[in-house]
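These protein sequence lines map, in sequence, to chains E and S. Just so you know, we're using our numbering here: the first sequence kicks off at -13 and counts up by one. Just so you know, we're using our numbering here: the second sequence kicks off at -13 and counts up by one.
Protein chains: 2
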Amino acid sequence: MRYARKHNEQTREKIVATAARLFREQGIAVGLAKIMAEAGLTVGTFYTHFKSKEALVREALRESLLVRPELLEKALRARDLEQAIRVYLSPEHRDAPGAGCPTAALAPEVARHPRPTRHTFMVNLEPTFDVLVELLTARPGKHDATRAEAAALFGLLAGTLQLARATPDRAQSDAILEAGVRGALRLANGDPHSGAPPGT
Amino acid sequence: MRYARKHNEQTREKIVATAARLFREQGIAVGLAKIMAEAGLTVGTFYTHFKSKEALVREALRESLLVRPELLEKALRARDLEQAIRVYLSPEHRDAPGAGCPTAALAPEVARHPRPTRHTFMVNLEPTFDVLVELLTARPGKHDATRAEAAALFGLLAGTLQLARATPDRAQSDAILEAGVRGALRLANGDPHSGAPPGT
DNA sequence: ATTATCTATAGATCTATAGATAATGC
DNA sequence: ATTATCTATAGATCTATAGATAATGC
C-alpha cells in the first residue's frame, strides 16, 4: 500500500486503546479476534503491529496506567482529598471498569503474568505512588511518607473497589464504597475519627 | 460399577479441592482437562459430578472461602491482632496463592462472572466480615463497627497482598507487606500512629 | 445390575503464520 | 514499489456430550 505516514501508528494506537478497555472489562484472557474486531480490523493484521499478545498486554497496561495519576492530581486540585477519594470509590467508577483503574480490574491477573509484564505494570504504577506519597506527606504533623505506605493506601482503594464490584446487592456495594472512603481518609489524615480532610 | 458408597462423594471433593487450588494459582480460566488430570481423572468424568464449569467455580469458591475465617480466628486467639495481620500479609501467604485468600487471588475475576457466582462469593465471605466486625468493635472507645467497615479493612489486606504479588522486586514487595500491616493496624486500632495492638 | 470412569469426538475457540490483495506515496 | 490489510489455515486449546468399558454392591 504505502499508506499515509501516520497510518501505521494510528492503527497501532487504536488496537492498544481497544485492548486497554477490553482487558479491564473482560480480563486479559479476552481473545485477539475480539480485540481486533472492535478495533475495526481482522486478526491477521495483529502481528504486523505486535510481536505477541503479551507485548500488547504490556502496551495496554502502560497506556491505561499513564492517565491515572493525571486524573488523580486533577481531582485533588479541582476539589479536595475527600472528593478525590470519592471519585475513585464512586458507583460510576465501579460500573465502568473499562475506563477505570487497571489495578482494581487486573492486579491478580497481572501477578500471574511473566516477570517483564509485572515489571511494566509496577513501573507505570510508580507515578500514582508518587502522587500518593506527596498526599500522605502533607498529613498534619507527620513524617515523610514512604512509597510502601502509598501502596497500602492504594491497596485499600483498589481492594475495596474490587469488593464493591463483586457484591451483587447494590445497596451493600454502595455501603462498601462509602466505608472505603472513610477508611482511606483515616489513612490519609492523622485523625483517627476522620471526617474532614485537610486543606491541601 | 456400583462403587463404594462414598466413592462418588470423595471423587467430587477431590475435584473441588484441586480446582480451588488451581483457580487461585492460575486463574479461573484454567482448563477442566488440567484440573481433572491433577485430580487423577480424565475430563470425560467431569460432567458426572458437575453440571457445568461455572458450577465448579461456585463450589471451589465456597470451599476455599470456608476455611478463611477459621484460620483468622485461630491466629487471633493464638497470638494477637498484629500477628494475625502479619500472617495474612506475610511473604509465605504472598508466595502460596493456591492455599491462600480467594479474594486476593480472584476478586476482579469473580466480579466479571455471572450473578449467581458473585452471590456465592459474597455469601461465603460473610463469616470473614463477621470476624472483622467483632475485631473492629473491640477497638478502644469505638462505636459498633459495620459490615462495610470490615469490608474496607479487608479491602486493604487483599489489595495490598495483590500489589505485593505483582511486584517483581522482592525487597519492594516485602516493604509493601510491612506498610500494609501498619495501615491495617491504624484502621483496626483507634490510634493514629499505631504500633501496639490492643490486648484482645 | 449399577454407575463411575474411560476414550473419542463435536464444535467453538485460542495464538500465530503464510501468502494473496489492495491502497497510496514516490 | 511498498506495505498494511485481508482470507485462510495450522495446531493447540476450550467446554460439553456420547457411548464403551470396567469395577463392585446386592
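The beta-carbon is built from N, C-alpha and C at its ideal position, and this holds for glycine as well.
Subject >> Among S:T146, S:L171 and S:R172, the one whose alpha carbon lies nearest that of I162 of chain S >> reply: When each option's Cα is compared against that of I162 of chain S, the closest is S:T146.
**OP:** Give, in chain order, every unbroken run of the alpha helix (DSSP H) that is at least 4 residues long and sits entirely within the stretch 88 to 145 of chain E.
**Re:** Counting whole runs of 4 or more residues, the stretch 88 to 145 of chain E contains the alpha helix (DSSP H) stretches 88 to 97 and 101 to 123.
Original post:
So, is G181 of chain S buried or exposed, given that buried needs 16 or more other C-beta atoms within 10 angstroms?
Top reply: Confidence is the limiting factor: at G181 of chain S the pLDDT is only 39, short of 50, which leaves the residue's position unreliable, though a coordinate-based value still follows. G181 of chain S comes out exposed.
**OP:** Apply the 10 Å Cβ neighbour rule to G166 of chain S and answer buried if 16 or more other Cβ atoms are within range, or exposed otherwise.
**Re:** By the beta-carbon neighbour count (other beta carbons within 10 angstroms, threshold 16), G166 of chain S is buried.
Original post:
Taking Cβ positions only, does G181 of chain S come closer than 9 angstroms to chain E?
Top reply: With a pLDDT of 39 at G181 of chain S, under the threshold of 50, the modelled position of that residue is not reliable, and the figure given next carries that caveat. Answer no: the Cβ-Cβ gap between G181 of chain S and chain E never drops below 9 angstroms.
Original post:
Under a Cβ-count criterion, where at least 16 other Cβ atoms within 10 Å of its own Cβ denotes burial, should Q148 of chain E be classed as buried or exposed?
Top reply: With at least 16 other beta carbons inside 10 angstroms of its own, Q148 of chain E counts as buried.
Original post:
Using a C-beta to C-beta distance shorter than 9 angstroms, which residues of chain S count as neighbours of I162 of chain E?
Top reply: Correct list: R133, A134, A137, A138 and G141.
Original post:
Is there contact between the stretch 96 to 114 of chain E and the stretch 52 to 65 of chain E, where contact requires at least three CB pairs shorter than 8 angstroms?
Top reply: yes
Original post:
How about E24 of chain S and T4 of chain S: are their beta carbons less than 9 angstroms apart?
Top reply: yes
Original post:
Quick one: what's got a C-beta closer than 8 angstroms to R72 of chain S's C-beta in the same chain, skipping five residues either side?
Top reply: V167
**OP:** Quick one: residues in its chain with C-beta nearer than 7 angstroms to the C-beta of K0 of chain E, no 5 flanking neighbours on either side, listed in chain order?
**Re:** Sequence-distant partners of K0 of chain E (beyond 5 residues in either direction) whose C-beta falls short of 7 angstroms from its own C-beta, in its chain, are A25.
**OP:** Would you list, in chain order, the members of the stretch 60 to 87 of chain E that have their beta-carbon closer than 7 angstroms to a beta-carbon of chain S?
**Re:** none
Original post:
Quick one: which chain E residues come within Cβ less than 9 angstroms of L173 of chain S?
Top reply: The answer, in chain order, is L142, G169, R172 and L173.
Subject >> Nearest-angstrom Cβ-Cβ length linking E68 of chain S and A134 of chain E, presumed shorter than 8 angstroms >> reply: That pair is no contact at about 17 angstroms.
Original post:
How about F107 of chain S: is its C-beta nearer than 9 angstroms to some C-beta of chain E?
Top reply: At least one chain E Cβ lies under 9 angstroms of F107 of chain S.
Original post:
Cα separation between P183 of chain E and L171 of chain E?
Top reply: Unreliable placement is indicated for P183 of chain E, whose pLDDT of 41 sits below 50; the coordinate value is still reported in the next sentence. Whole-angstrom Cα-Cα distance: 7 angstroms.
Subject >> 8 angstroms contact criterion, which R44 of chain E and T106 of chain E should meet: CB distance rounded >> reply: Rounded, the Cβ-Cβ distance is 4 angstroms, consistent with contact.
Original post:
Can you tell me whether H(-7) of chain E is buried or exposed, with buried defined as 16 or more other CB within 10 angstroms of its CB?
Top reply: exposed
**OP:** Report all residues from its chain with a CB closer than 7 angstroms to the CB of I14 of chain E; omit the five preceding and five following residues, and keep chain order.
**Re:** V43, L92 and E95
Original post:
Since A15 of chain E meets chain S, which of its residues come closer than 7 angstroms, beta carbon to beta carbon?
Top reply: A15
**OP:** Please name the residue in E:R156, E:P88, E:T31 and E:K60 whose C-alpha comes closest to that of A46 of chain E.
**Re:** E:P88
**OP:** Could you check the C-alpha separation between A157 of chain S and Y74 of chain S for me, to the nearest Å?
**Re:** 18 angstroms
Subject >> For R101 of chain S and E78 of chain E, the rounded distance between their alpha carbons >> reply: 19 angstroms
Original post:
In terms of residues, what are the limits of the alpha helix (DSSP H) holding I14 of chain S?
Top reply: Segment: none, I14 of chain S is in no alpha helix (DSSP H) and carries neither H nor E.
Subject >> CB contact below 9 angstroms: G166 of chain E versus chain S >> reply: yes
Original post:
Taking Cβ-Cβ distances shorter than 9 angstroms, what residues in chain S pair up with Q148 of chain E?
Top reply: T89, A93, P94, V96, A97, G141, A144, G145 and Q148
Original post:
What whole-angstrom Cβ distance do V16 of chain S and M22 of chain S have, given they're in contact under 8 angstroms?
Top reply: 11 angstroms between Cβ atoms; not a contact.
**OP:** For chain E, find out if any of its Cβ atoms is closer than 9 angstroms to the Cβ of T123 of chain S; answer yes or no.
**Re:** no
**OP:** Would you verify that the beta carbon of Q158 of chain S is, or is not, closer than 9 angstroms to some beta carbon of chain E?
**Re:** yes
Subject >> Endpoints, alpha helix (DSSP H) assigned at K60 of chain E >> reply: First-last of the alpha helix (DSSP H) with K60 of chain E: R54 to A64.
Original post:
Taking the continuous alpha helix (DSSP H) assigned at F32 of chain E, which residues delimit it?
Top reply: Residues F32 to H35.
Original post:
In three-state DSSP terms, what is I1 of chain E?
Top reply: I1 of chain E carries a helical assignment under DSSP once its states are collapsed to helix, strand and coil.
Original post:
Taking the alpha helix (DSSP H) that S159 of chain E falls in, what are its first and last residues?
Top reply: R156 to A174
Original post:
Does the Cβ-Cβ distance between L142 of chain S and L122 of chain S come in under 9 angstroms?
Top reply: no
Original post:
Hey, is T186 of chain E's beta-carbon within less than 9 angstroms of any beta-carbon in chain S?
Top reply: Any reading at T186 of chain E must be qualified, since the residue scores a pLDDT of 35, below 50, and its modelled position is unreliable; no value is offered.
Original post:
Along chain S, which residues have their Cβ under 7 angstroms away from the Cβ of P113 of chain E?
Top reply: In chain order: nothing, as chain S lies at least about 15 angstroms away.
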